Each structure stands twice: as structure tokens, then as C-alpha cells.
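Numbering (the numbering used here), first residue to last: 249 to 654. Presented below is the structure to which this report refers.
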Ligand code: HEM
């Protein structure tokens with residue numbers, strides 16, 4: 249036990265989630281105390297589904313000053329505590345209402361047709377190659393363009409925004425803090441300029457909605473709009489990219505499951521929920537106890553931190569029959585990949601589902617003879633304790649079909 253890597257160390261996830269370790273914790277010590285390199289009192293790892301749900305919904309547990317299990321030293325200067333996800337009620341509810349007004353089902357559905365066209369464009373561009381990198385040639389592009397479409401970034405600026413996003417949030421250990429801050433500042437300046445243009449002439453995009461939305465007579469500040477712009481790039485892109493990559497890999501490794509979905513595409517929505525459970529792109533978020541309390545019999549003192557381990561909750565046998573089996577026909581699926589239903593439940597969940605549906609449908613129906621071109625156990629993963637994913641996944645295929653519309 250003692251020579252296991254700390255759950256804070258990204259290397260603990262270098263070969264995927266430590267599922268056996270999580271299973272042992274769920275059975276023997278479901279709210280276990282863990283050390284942290286900078287937090288004197290360490291934190292408690294919450295590993296059971298039931299407890300992740302309870303803490304997510306219990307307002308005794310707060311997100312502020314921020315919910316990140318970070319190792320970084322300069323938390324104060326990083327702006328982390330100004331992000332939507334770092335606020336608690338009542339400020340959080342107000343901010344979220346303002347932002348949600350730009351995330352209506354209508355706005356998300358309007359993106360549907362655009363998403364389909366974008367998916368087809370991405371695949372058409374690769375068709376002749378016969379092989380590519382699933383992460384960097386295919387999965388990366390759709391989420392980036394969807395966020396850019398939603399926010400209103402013009403096509404000609406996207407390459408630059410995508411580069412800044414990678415530097416700011418990419419999990420490349422070789423990019424230093426100064427380079428990350430510089431790219432983040434460049435994004436703020438860009439967001440400022442976008443706002444300037446929309447101040448007098450609102451357009452039909454999220455940035456204009458955010459600038460002009462009002463709740464209880466209050467508007468978002470310029471800083472809040474900028475930070476939300478930044479948060480969206482990260483929250484909406486790395487996560488969905490990973491669902492597409494790791495989800496495709498899971499299906500390619502389980503031909504019977506692949507066949508079940510391919511032979512009946514009406515199974516896709518249910519299958520996507522199962523892939524979300526299976527992949528669980530976000531590893532954890534932290535909460536702080538605002539008063540003395542307990543979780544599953546473990547005393548938690550005011551000021552203690554707890555981390556909600558979503559991949560563990562999503563493999564909890566107490567909540568999912570045959571939890572260690574991928575079952576694309578699983579109807580009862582109360583997974584916590586988007587959070588467990590509390591006030592911070594993922595704002596982009598429906599958009600991510602829509603992207604997943606279009607992308608998986610195209611991958612399953614357009615590629616003929618699609619297969620992995622490397623041993624999945626040997627492929628490199630991102631260096632992170634927050635978002636799981638691969639940095640490259642070679643794939644190959646025999647032929648790409650034209651889209652056949654139903
Ligand atoms: C498969 C893709 C995605 C996954 C797995 C995911 C997962 C999550 C999780 C676990 C949370 C925290 C929930 C909690 O604390 O209770 C969250 C929050 C959030 N997500 Fe997502 N997300 C995804 C895609 C997206 C997309 C596409 C967007 C935006 C376009 C987005 C925007 C947000 C925002 C703004 C929050 C903070 C909400 C708040 O604090 O009120 N996410 N997401």
C-alpha cells in the first residue's frame with residue numbers, strides 16, 4: 249500500500265485509471281485519507297457512487313476557493329478562484345443563470361447541423377490517407393470548432409485560438425508556467441477585443457449573449473466574460489476529445505459491442521451513456537467542508553477537503569451490475585461522468601452528447617475496416633490528474649464511405 253503513487257501524482261494515471269486500487273478503496277476504505285504535497289491536512293478520497301452523489305448535492309461542501317487538486321504553487325495568481333466552477337451559491341447560481349441563458353436547448357440544437365457538416369469535413373479530409381492519428385487528426389477538431397462556433401470566433405482566427413488553448417491547458421510537462429500564462433493573457437486580450445466589437449453590435453453568438461445578459465439587474469464583468477471564454481475552451485474540448493478517442497478505442501477492442509451499435513444505430517444514445525461511464529473523461533473535483541460533518545461514517549472537519557473520484561464511482565458494483573463490463577445496451581445507467589447532479593453539473597452535457605452522437609455515428613458508418621494500429625497498452629497518455637486521455641492513437645482503415653443519410 250505504502251509504495252503506491254499518490255493519487256495527486258499524474259503518474260498514478262499514466263497507464264489509465266488504477267481500477268483495482270479504486271475497487272479496494274471502495275470495499276475497505278471508501279472515504280480514505282490521502283496526503284497532498286502542499287495541503288497540510290491532506291484530503292479524503294471519495295470512491296463510492298452513493299457518496300460521490302451525496303457530496304455533490306450537499307451544500308455543506310463548497311467549491312470555493314477552487315475545486316482543483318492542483319500541484320501548482322501559485323494558485324492565488326492563476327485566476328482559478330474566479331472561474332464559474334469555483335463559486336458557491338448565491339454568486340454561483342446568479343452567474344450560472346446568466347451563462348445558461350446562452351446555453352439554451354435551442355442554441356445547442358441549432359449547432360446540430362453544423363456539427364454534422366464539420367464531422368463529415370474532418371473525415372473527408374482524411375479519407376485518402378488510409379491511416380491517421382485518432383487524437384490529433386480526428387478527435388481534437390470537432391470540440392474545438394464547436395466551442396468556436398458557439399462563442400463566435402471567426403474561422404480565420406481559430407488556428408491561433410487552438411494553439412493558445414493547447415499551451416494554456418495542454419498537459420505537456422515541457423511547457424513551463426510562463427508560457428502558459430502568456431498564452432492565457434493572449435486569450436484574455438482576444439476575448440476583450442471580441443467583446444469590444446459586440447458591445448455596440450450584438451451578434452447571434454454566445455459572447456454577445458454573455459455581454460448583454462442580465463440577472464437581477466446585474467451583468468457579467470469583463471473579467472468574468474474573459475474567464476468564461478477561457479474555461480469553455482478547456483471544459484469543452486479536452487473532455488469531449490477524450491470521449492471520442494477512448495470511446496472509439498473501447499469499441500474497437502470489443503467487436504461484439506461494436507457490432508451491437510453498428511447494426512442498430514438507434515442504440516447510439518444508450519451506447520454513448522455507457523461510453524461516458526466507461527471512459528469518464530474527468531477524473532475528480534475537490535470540495536471543502538464548510539462545517540463539521542461526516543461521509544459514510546468518516547468524520548470530516550470544517551475546512552477539510554474531499555475529492556470526488558468519478559472513475560471509481562462509475563465502476564462501483566453497488567450502483568452498476570457488471571460494472572467492469574462494457575455493455576452498450578445498459579439502460580439503467582446513472583453514471584457521474586458529467587458530475588452527480590449538484591449545482592455544478594456539467595453545463596455542456598447536452599452539447600457533448602450531441603457531438604458524441606454525430607462523431608460516433610460517422611466513425612461507425614463511414615470507415616470500412618477501421619482498426620487500431622498500435623498496442624493500446626503501450627500508447628502514451630496525457631500528464632494530468634484532472635482529465636484522462638491519450639496523446640496519440642494510430643489507426644488505419646481500408647476505405648472511407650460517402651455519408652448515407654437516413
Ligand atoms: C464528455 C465531455 C464532458 C465531460 C465528461 C464533462 C464533465 C464535467 C464535470 C465532471 C463537471 C463538474 C460537475 C460537478 O462539479 O458537479 C463539469 C462542469 C462544467 N462543464 Fe463539462 N464536461 C464535458 C463537456 C463540456 C462541454 C462541451 C462544455 C461546454 C461547451 C462544458 C462546460 C462545463 C462548464 C461550464 C462546467 C462548470 C459548471 C458550473 O460550475 O456550474 N463541459 N463538466
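All C-beta atoms, glycine included, are put in the ideal place defined by N, C-alpha and C. Please read all numbers here as calculations on a predicted model, not as lab measurements.
Whole-angstrom C-beta distance between residue 309 and residue 535, which should lie under 8 Å
About 4 Å separates the beta carbons of residue 535 and residue 309, which is inside the 8 Å limit, making them a contact pair.
Buried or exposed by the 16-neighbour rule on C-beta atoms within 10 Å, applied to residue 293:
Flag for residue 293 reads buried.
Here's a check: name, in chain order, each residue in its chain whose Cβ is nearer than 6 Å to the Cβ of residue 540, leaving out the five neighbours to either side.
Answer for residue 540: 549, 550, listed in chain order.
For residue 304 and residue 587, believed in contact at Cβ under 8 Å, the rounded distance:
About 6 Å; that satisfies the 8 Å criterion.
Own chain partners of residue 415 with C-beta closer than 7 Å, once the 5 adjacent residues on each side are dropped
Excluding five sequence positions before and after residue 415, the CB atoms of its chain that fall closer than 7 Å to its own CB belong to 423, 427, 428, 431, given in chain order.
Beta-carbon contacts of residue 279 that lie in its chain and below 7 Å, excluding the five residues immediately before and after
292, 294, 299, 543, 544, 546, listed in sequence order.
Heavy atom of the ligand HEM less than 7 Å from the Cβ of residue 261, yes or no?
The answer is no for residue 261.
For residue 629, the three-state DSSP class (helix, strand or coil):
Three-state result, residue 629: strand.
Using only the alpha-carbon positions, how far apart do residue 637 and residue 623 sit?
Cα to Cα, the separation comes out at about 15 Å.
Restricting to Cα atoms, I'd like to know which of 646, 257, 252 is closest to residue 531.
Per the C-alpha coordinates, the member of 646, 257, 252 positioned closest to residue 531 is 257.
In three-state terms, what does DSSP make of residue 447?
If DSSP states are grouped into helix, strand and coil, residue 447 belongs with the helices.
If residue 477 and residue 435 are in contact, beta carbons under 8 Å, what's the gap, nearest whole angstrom?
With a Cβ gap of about 7 Å, residue 477 and residue 435 count as contacting.
Distance CB(residue 559)-CB(residue 270) smaller than 8 Å
Yes, the pair counts as a contact, with Cβ atoms nearer than the cut-off.
Expressed to the nearest angstrom, what Euclidean distance is found between the alpha-carbon atoms of residue 488 and residue 275?
In a straight line, the C-alpha of residue 488 is about 31 Å away from that of residue 275.
Beta-carbon contacts of residue 509 that lie in its chain and below 8 Å, excluding the five residues immediately before and after
These residues qualify, in order along the chain: 499, 515, 516, 519, 576, 608, 612.
Is residue 400 near the ligand HEM, with its Cβ less than 7 Å from a heavy atom?
Remark: the C-beta of residue 400 is outside contact range of the ligand HEM, defined as less than 7 Å to any heavy atom.
Please look up how many angstroms separate the CB atoms of residue 497 and residue 620, rounded, as I've assumed it's under 8 Å.
Rounded, the Cβ-Cβ distance is 7 Å, consistent with contact.
Under the criterion of a Cβ to heavy atom distance below 7 Å, does residue 390 qualify as lining the ligand HEM?
In this structure, residue 390 has its beta carbon at no less than 7 Å from each heavy atom of the ligand HEM.
Out of curiosity, what's the CA-to-CA distance linking residue 618 and residue 461?
Using only the alpha carbons, I get a separation of about 46 Å.
Pull up the distance between the alpha-carbon of residue 301 and that of residue 648, whole angstroms please.
Spanning the alpha carbons of residue 301 and residue 648 requires a straight line of approximately 43 Å.
Alpha-carbon spacing of residue 585 relative to residue 466, whole angstroms:
Taking the CA atoms as reference points, residue 585 sits about 32 Å from residue 466.
Mark residue 471 as exposed unless 16 or more other C-beta atoms lie within 10 angstroms of its C-beta, in which case mark it buried.
Classification of residue 471: exposed, given that the 10 Å Cβ count is below 16.
Which of helix, strand or coil does DSSP assign to residue 587?
If DSSP states are grouped into helix, strand and coil, residue 587 belongs with the strands.
Would you report the Cα separation of residue 337 and residue 329, rounded to the nearest angstrom?
Rounded to whole angstroms, residue 337 and residue 329 show a C-alpha spacing of 14 Å.
Taking Cβ positions, are residue 525 and residue 583 nearer each other than 8 Å?
At a Cβ-Cβ threshold of 8 Å, residue 525 and residue 583 count as neighbours.
If contact is defined by three or more beta carbon pairs under 8 Å, each pair taking one atom from either stretch, is the stretch 442-455 in contact with the stretch 339-346?
Below 8 Å, too few C-beta pairs join the stretch 339-346 and the stretch 442-455 to call them touching: fewer than three.
Regarding residue 313 and the ligand HEM, is the C-beta to nearest heavy atom distance less than 7 Å?
No - the ligand HEM has no heavy atom lying nearer than 7 Å to the Cβ of residue 313.
Closer than 7 Å: residue 410 CB and nearest the ligand HEM heavy atom:
Checking the Cβ of residue 410 against the ligand HEM gives no.
Just to confirm, is the Cβ distance from residue 486 to residue 635 under 8 Å?
Going by C-beta atoms, residue 486 is nearer than 8 Å to residue 635.
I need the boundaries of the beta strand (DSSP E) containing residue 543, first residue and last residue.
541-543 is the extent of the beta strand (DSSP E) around residue 543.
With respect to 7 Å, is the separation between the Cβ of residue 529 and the closest non-hydrogen atom of the ligand HEM below this value?
Residue 529: yes, Cβ under 7 Å from the ligand HEM.
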